[in-house]
Every structure is written in C-alpha cells, then in structure tokens.
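Q: Could you have a look at this structure, given as structure tokens, before my questions?
Numbering (UniProt numbering), first residue to last: 1 to 161.
If you want it as structure tokens, here you go:
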C-alpha cells in the first residue's frame, strides 16, 4: 500500500504548469476548476487531457457541457488559480472573462487558451481523465510569464537561458 502523504510529496516534487478549465453552467454562469494534471496528448487529431477529481462540484458540469476552455495560467493569475481551486458557486466572483465565439468563458491574461469539445472520458481512480478535441487556440498579443506549481506553491517560471 502506498502511503497517500508520501505519494503527494513525491508528486509535488515534479514542477508543472497550472491551468484553469472553464465552461458555462446550465444558467449561463462561468464555472471552472484549477488543474495541474494537464497534458498534450496527440497532434493528429489535436487532443489534450486534464484530470478533475470526481468529488469536485464542477466535474459533472464540465462533463455534461461537452465543451470547455483550458487556460495555461500566467504568473499574474494567482488570484484566478486560488479562486477556481476552491469550492462553491461564486468561484469566479471578480474574475475578468468574456465569451468566445465557440461559447466558452475565457479568462484574460492567460499564457495561452485551448478551447475544446469533449472527445472521450476515462476512469482514473479518484479522478476522471477528460480528453478534449482542440477546436481553437489563443495566444496573447505579447508573451507572458507562465505560472508553475511545485511542492504546494505557485510561482513564476524563472527566465530560462
């Protein structure tokens, strides 16, 4: 048996980017989750995946909406990362967003945005594995510094070079 605390410590030793996945609920309001479990999956067809916890109140809304936007967060989006990591209906209170042409809520200031339609869902233990077919890609006019997650902390990716 793997001890959960040690497992979390080991997995937390792997630096990752931070995403917020958003969609609209049945009333047209923005909902979303913060996820570090995100990856590119395939170029042809263009597929990405993220892994929400089944216990998340946002998971069934994301699954049922059949479309979502994955935001690769910038270092300036700490407030958004923490807001969507929480529980409750008003996670997006005070967060700037606009509706895309595809009908997804898009946050401002992201490093990049990937708009998707639900392609497949798989079981992944206590998390779902959601695979999205990429329908649109958005890059900012000026490059921004990405956010990273490491050992339970959020921060800016240091300059590389």
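Think of the CB as a built atom: it goes at the ideal place given N, C-alpha and C, for glycine as much as any other residue.
Just so it is clear, the structure is predicted and the values come from calculations on it, not from any experiment.
1) If you follow the beta strand (DSSP E) that residue 147 is part of, which residue opens it and which one closes it?
2) Can you pull the DSSP bridge partners for residue 97?
3) In terms of residues, what are the limits of the beta strand (DSSP E) holding residue 132?
4) Taking DSSP's pairing of strands, which residues face residue 33 in a bridge?
5) Quick one: what's residue 28 bridged to in DSSP?
6) In angstroms with no decimal places, state the Cα-to-Cα distance between residue 27 and residue 90.
7) Just to confirm my understanding: we take residue 111, look at its own chain, exclude 5 residues before and 5 after, and list those with CB closer than 6 Å. What are they?
A: Short version:
1) Here residue 147 corresponds to residue number 147 of the chain shown, with the count starting at 1. 147–150 is the span of the beta strand (DSSP E), which, as asked, contains residue 147.
2) Locating residue 97 in the chain shown gives position 97, counting from the first residue. Answer by DSSP bridge pairing, in chain order: 107.
3) To locate residue 132, count along the chain shown from 1; it is residue 132. Segment 127–138, the beta strand (DSSP E) holding residue 132.
4) In the chain shown, the residue the question calls residue 33 occupies position 33. Note: residue 33 sits in a beta bridge opposite 21.
5) Locating residue 28 in the chain shown gives position 28, where the first residue counts as 1. Paired residue(s): none; residue 28 is not in a bridge.
6) On the chain shown, position 27 is the one that residue 27 refers to. On the chain shown, position 90 is the one that residue 90 refers to. The alpha-carbon atoms of residue 27 and residue 90 are separated by roughly 13 Å.
7) Locating residue 111 in the chain shown gives position 111, counting from the first residue. Here the set comprises 72, 74, 144 and 146.
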